[in-house]
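Trainee: Its first residue numbered 1, the sequence shown is counted upward by one per residue in the UniProt record's numbering. My structure is below; once you've seen it, I'll send some questions.
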Amino acid sequence: MSTLFQPALLEGKAIKSTKELTFQERNGRLEETYWNFIIFPLIGDDGYALGVLQSLVELSALVINERRANVVEKLKEQVSTGATISEIWTQCLASLEAYPEDVPFALIYSNDDDSISSASSSWANSLKNYQLHGSLGINQNNSAIPSTFDLSERKSVYGLARACRSAITDRKTVVLRRHDNTLPADLATAIPGRGWEDPIETVCVMPIAVNGAGALAFFIFGLNPRRPFNEDSLQFAHNLRDVLTKSSSLLNQAKFEEIHDNLSAQLKISTLKAARNEEKFTRMAESAPIGICTLNADGKPIYCNDEYLNLVGVPREYDWKTIWDSQATWQEHVHPDDIHGIATAWKSLLCKEKTSVTVEYRVKRPWTSVDKATGSQLTGPTWLMNNAAAEYDENGDVVCIHAWLHETSFRHYTETLLSSRLQEALETKRASENFIDMVS
1 MSTLFQPALL
11 EGKAIKSTKE
21 LTFQERNGRL
31 EETYWNFIIF
41 PLIGDDGYAL
51 GVLQSLVELS
61 ALVINERRAN
71 VVEKLKEQVS
81 TGATISEIWT
91 QCLASLEAYP
101 EDVPFALIYS
111 NDDDSISSAS
121 SSWANSLKNY
131 QLHGSLGINQ
141 NNSAIPSTFD
151 LSERKSVYGL
161 ARACRSAITD
171 RKTVVLRRHD
181 NTLPADLATA
191 IPGRGWEDPI
201 ETVCVMPIAV
211 NGAGALAFFI
221 FGLNPRRPFN
231 EDSLQFAHNL
241 RDVLTKSSSL
251 LNQAKFEEIH
261 DNLSAQLKIS
271 TLKAARNEEK
281 FTRMAESAPI
291 GICTLNADGK
301 PIYCNDEYLN
311 LVGVPREYDW
321 KTIWDSQATW
331 QEHVHPDDIH
341 GIATAWKSLL
351 CKEKTSVTVE
361 YRVKRPWTSV
371 DKATGSQLTG
381 PTWLMNNAAA
391 EYDENGDVVC
401 IHAWLHETSF
411 RHYTETLLSS
421 RLQEALETKR
431 ASENFIDMVS
């Protein structure tokens with residue numbers, strides 16, 4: 001930095017620099033810092049510079065947070081192109097490769113990359129075998145990096161495996177640090193060409209969960225060794241995690257819907273066959289984990305199973321057939337904003353515009369659940385997805401409508417929560433940019 005004083009001393013010129021990178025020794029190690037400064041020459045009576053006056057303003061936190069926000073944005077753009085879960089992990093590592101200072105190394109462990117079952121299993125059942133999908137910046141032959149591990153083994157010889165188990169059990173980010181010896185020694189190493197080639201000081205271990213049901217993968221990465229670990233660092237890690245979680249959730253949602261459509265079609269065939277054998281159909285319908293209902297073309301119910309009545313909030317002992325006796329009666333159970341959508345879908349079936357429809361709507365019955373990690377109560381509107389298909393006679397007239405109903409409240413709650421977190425990250429970025437503009 002001393003070379004910056006030369007023009008001021010030798011030529012009497014004021015020097016201004018913005019976001020100048022310097023490395024300062026703080027707490028016993030070099031720290032990446034950024035400064036705005038102005039150097040004024042102090043001119044003597046003889047016209048020569050006697051010295052300089054320097055004005056300094058540190059912008060380290062703003063510059064680093066701005067850079068990290070850019071990492072998150074680029075990651076979001078790149079993983080959105082993934083057509084499978086496996087491609088999302090690959091695109092993630094490819095995106096982070098362009099940021100050697102902020103992400104010196106990264107690892108992704110996954111279980112059954114493109115299997116829907118891994119996303120829908122319970123949290124406890126997700127404790128199984130994980131394979132190393134890929135790595136960035138660090139040799140996969142490193143003795144601290146297992147190619148596979150089983151989280152059901154409580155006393156694994158690998159520190160990363162134990163950290164992953166802790167992360168999935170406690171449902172939180174596990175931070176491994178060099179200074180407290182929680183970071184395996186073979187990971188506390190310098191990465192050629194990345195992280196200023198300083199030994200890694202801090203590593204974050206995070207489960208990537210889908211709909212809060214279980215860990216689809218683990219994302220492990222080292223942080224900038226020339227920056228202190230603080231709340232901003234942890235937020236950066238969580239922003240990366242949230243991008244991966246939302247991307248994989250949206251992809252799995254599409255797969256779930258595809259499977260659901262196939263199951264609905266199969267269930268329709270089964271229902272038509274079961275009409276010839278009422279007893280067999282009744283047994284099947286009553287044991288189904290989704291709501292099943294058959295209605296006349298005028299909207300009067302022919303049959304409803306218990307799950308259907310449970311979802312719409314009407315007990316079996318109630319005269320449930322009166323629900324559909326008039327338009328006003330069934331509307332009492334539906335959120336006012338969603339009544340039009342149901343009426344439109346029903347009309348499209350009766351008018352033969354469509355042979356099947358899917359409509360998602362809210363009912364007035366509130367949704368509640370319990371967060372298994374904190375024990376706190378989750379609340380929100382009750383969302384239902386209704387798949388309906390018309391059955392026609394030989395003249396092409398609608399004989400009846402078959403409907404299949406299941407609850408999607410938790411999915412909507414999770415999507416809203418993830419969108420809120422990403423929006424908060426974007427607002428932080430915009431606030432930082434505005435502040436930098438004011439300072440500059």
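Beta carbons are placed, not taken as given, at the ideal position from N, Cα and C, and that holds for glycine.
Keeping to the same chain, check which residues put their C-beta closer than 7 Å to that of Leu62; ignore five residues upstream and five downstream.
Mentor: If you number the sequence shown from 1, residue 62 lands on position 62. Once the five neighbours on either side are set aside, the close Cβ partners of Leu62 are Ser432, Phe435 and Ile436.
Trainee: Between Val79 and Leu244, which are expected to be in contact by the criterion C-beta below 8 Å, what is the C-beta distance as a whole number of angstroms?
Mentor: Locating residue 79 in the sequence shown gives position 79, where the first residue counts as 1. Locating residue 244 in the sequence shown gives position 244, where the first residue counts as 1. Between Leu244 and Val79 the Cβ distance is about 7 Å, and since that is below 8 Å, they are a contact.
Trainee: Count the C-beta pairs between the segment 90-110 and the segment 220-233 that are closer than 8 Å, then say yes if the count reaches three, no if not.
Mentor: Output reads yes: the segment 220-233 touches the segment 90-110.
Trainee: In the DSSP assignment, the beta strand (DSSP E) including Gln140 goes from what residue to what residue?
Mentor: As a first step, residue 140 is located in the sequence shown; it is residue number 140 there, counting from the start. That residue, Gln140, is in no beta strand (DSSP E); it is neither H nor E in DSSP.
Trainee: Rounded to the nearest angstrom, what separates Ser356 and Ala389 at their Cα positions?
Mentor: Walking along the sequence shown from the start, residue 356 turns up at place 356. Walking along the sequence shown from the start, residue 389 turns up at place 389. Near 4 Å, if we compare the C-alpha coordinates of Ala389 and Ser356.
Trainee: Tell me which residue opens and which closes the alpha helix (DSSP H) that Gly341 is part of.
Mentor: Within the sequence shown, residue 341 is the residue found at index 341, counting from 1. Segment Ile339 to Leu350, the alpha helix (DSSP H) holding Gly341.
Trainee: Rounded to whole angstroms, what's the CA-CA distance from Lys268 to Tyr308? Just pull it up for me.
Mentor: On the sequence shown, residue 268 is found 268 positions in, with the first residue counted as 1. On the sequence shown, residue 308 is found 308 positions in, with the first residue counted as 1. C-alpha separation (whole angstroms): 16 Å.
Trainee: When we look at the beta-carbon of residue 485 and count the other beta-carbons within 10 Å, is it buried (16 or more) or exposed?
Mentor: As shown, the chain starts at 1 and ends at 440. That puts residue 485 outside it, with no answer to give.
Trainee: For Leu311, count neighbouring Cβ atoms within 10 angstroms of its own Cβ and tell me buried if that reaches 16, exposed if not.
Mentor: Residue numbering aside, residue 311 sits at position 311 when the sequence shown is read from its first letter. Per the 10 Å Cβ criterion, buried.
Trainee: Buried or exposed for Lys246, please, with buried defined as at least 16 other CB atoms from any protein chain shown within 10 angstroms of its CB.
Mentor: Residue 246 sits at position 246 when you count from the first residue of the sequence shown. Flag for Lys246 reads buried.
Trainee: Would you grab the beta carbon distance between residue 478 and Arg226 for me? Rounded to a whole angstrom, and I think it's under 8 Å.
Mentor: Any property of residue 478 remains undetermined from this structure, which presents the chain solely from 1 to 440.
Trainee: Using three-state DSSP, classify Val79 as helix, strand or coil.
Mentor: Looking up residue 79 in the sequence shown gives position 79. Looking at Val79 - three-state DSSP - the assignment turns out to be helix.
Trainee: Going along the chain, which residues of its own chain have a beta-carbon closer than 7 Å to the beta-carbon of Asp186, five neighbours each way excluded?
Mentor: In the sequence shown, counting from the first residue as 1, residue 186 sits at position 186. Within the same chain, Asp186 has close Cβ partners Asn142, Ser143 and Ala144.
Trainee: Check His179 in the structure and name its three-state DSSP category.
Mentor: The sequence position of residue 179 within the sequence shown is 179, counting from 1. The answer is coil: DSSP assigns His179 none of H, G, I, E or B.
Trainee: Nearest to Thr169 by CA position, among Lys372, Leu422, Ile401 and Asn386, is which residue?
Mentor: Your numbering for residue 169 matches position 169 in the sequence shown. When each option's Cα is compared against that of Thr169, the closest is Lys372.
Trainee: Should Ser249 and Thr414 be called a contact, given that it needs their Cβ atoms to be closer than 9 Å?
Mentor: If you number the sequence shown from 1, residue 249 lands on position 249. If you number the sequence shown from 1, residue 414 lands on position 414. Going by C-beta atoms, Ser249 is nearer than 9 Å to Thr414.
Trainee: Using only the alpha-carbon positions, how far apart do Trp346 and Pro381 sit?
Mentor: Working through the sequence shown from its first residue, we reach residue 346 at position 346. Working through the sequence shown from its first residue, we reach residue 381 at position 381. Their backbone Cα atoms lie some 23 Å apart in a straight line.
Trainee: With DSSP as the reference, label Leu426 as helix, strand or coil.
Mentor: Indexing the sequence shown from 1 puts residue 426 at position 426. Reduced to three states, the DSSP call for Leu426 is helix.
Trainee: For the segment 189-199 against the segment 156-169, are there 3 or more C-beta pairs whose distance is under 8 Å?
Mentor: Output reads no: the segment 156-169 does not touch the segment 189-199.
Trainee: With a threshold of 6 Å on Cβ separation, who are the neighbours of Ser17 within its own chain once the five nearest residues in sequence on each side are excluded?
Mentor: Stepping through the sequence shown from its first residue, residue 17 is reached at position 17. If we look at Ser17 and ignore the five residues flanking it on each side, its Cβ neighbours are Phe37.
Trainee: Work out the CA separation of Gly82 and His133 for me, nearest whole Å.
Mentor: Working through the sequence shown from its first residue, we reach residue 133 at position 133. Working through the sequence shown from its first residue, we reach residue 82 at position 82. Cα to Cα, the separation comes out at about 15 Å.
Trainee: Assuming Pro184 and Leu160 are in contact, meaning their beta carbons sit under 8 Å apart, how far apart are those beta carbons, in whole angstroms?
Mentor: Along the sequence shown, read from residue 1 onward, the residue named residue 184 stands at position 184. Along the sequence shown, read from residue 1 onward, the residue named residue 160 stands at position 160. Confirmed, about 7 Å.
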